[in-house]
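As structure tokens, the structure follows; a few thoughts come after it.
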Amino acid sequence: MSDVVLTMFMSLDGYIAGPGGEFVGPEWSAQMQSDWSDVNGRAALFVYGRTNFEFNAAFWQDIEADESAPEAQREFARLLHAMPKLVVSSTLTEAGWNGRVVRDLPAEIAAAKEQADGPIVVIGGAGVAQSFLRLGLVDRLRIMVTPVLLGAGIRLFDGEYARMPLERAGCIPIDTGSTILEYRVVR
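In short: position in the sequence shown from 1, add 1001, done, that's our numbering.
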């Protein structure tokens, strides 16, 4: 059975987006690409919310085509392009970019965990991440904490979910100043 891994970028003060909902990503480097993409490269499936899916589809397809973009980013873009994706949405009817729209999250994830040959990586956004936490669908958390204080915006851990004991699985400092924190959910 595959693990569900929640992977997100987060500011040091707990935000995944700025006050206007704008994405504030980490600085990119070859080391960041290598260490962050370890789980993504072994993934069987990616899961997105609609807004995050639409942002990522446009962003990474542009990077893949941009010959001036760093090769590490273009490599990651190619990985994302080929990966099957689930898009959690109540409004979207078709996804594109190798994605499939889903509405019944618990049933879809239960089936995917049985069928997948690798981790199921939840990339977000906030609503999807919070739904996964609230429904108890997360097996591991992989959070890249970026060296910035946003002061306001959209929080990752905002919402109601049951107490969730965690066990540290890893801590990787990145040359850009970010740190990847990895935890397993203790069941």
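Just so you know, even glycine gets a beta-carbon here, dropped at the ideal spot from N, CA and C.
Requested in this report: With a cut-off of 8 Å on the beta carbons, I'd call G1119 and R1043 a contact; round off their distance for me.
Outcome: 5 Å
Requested in this report: In the DSSP assignment, find the alpha helix (DSSP H) that holds F1133 and state where it starts and stops.
Outcome: First-last of the alpha helix (DSSP H) with F1133: 1127-1135.
Query raised in the report: Can T1147 and S1030 be called in contact, C-beta distance under 8 Å?
Result: 8 Å or more divides the Cβ of T1147 from the Cβ of S1030.
**Report entry** Local Cβ density within 10 Å of A1018, reported as buried at 16 or more and exposed below that
**Finding:** In this structure A1018 is buried. Its beta-carbon is surrounded by 16 or more other beta-carbon atoms within 10 angstroms.
Requested in this report: Give a yes or no on contact between the region 1075-1086 and the region 1094-1107, applying the rule of three or more CB pairs nearer than 8 Å.
Outcome: A contact exists between the region 1075-1086 and the region 1094-1107.
Requested in this report: Determine the direct distance from the alpha carbon of E1072 to that of F966, and round the result to whole angstroms.
Outcome: Here the chain has residues from 1002 to 1188 only, and residue 966 is not among them.
Requested in this report: Within the same chain, show all residues whose beta-carbon is closer than 7 Å to that of F1024, passing over the 5 residues directly before and after it, in chain order.
Outcome: A1018, F1056
Query - Nearest-angstrom Cα separation, counted from T1094 out to S1179 - result: 36 Å
Query raised in the report: How would you call Q1116, buried or exposed, if buried means at least 16 neighbouring beta carbons within 10 angstroms?
Result: With fewer than 16 other Cβ atoms within 10 Å, it is exposed.
Report task. Check each candidate in G1152, W1037, M1165, R1156 and name the one with the smallest Cα separation from V1139. Result -> If we check each option's Cα against that of V1139, M1165 comes out closest.
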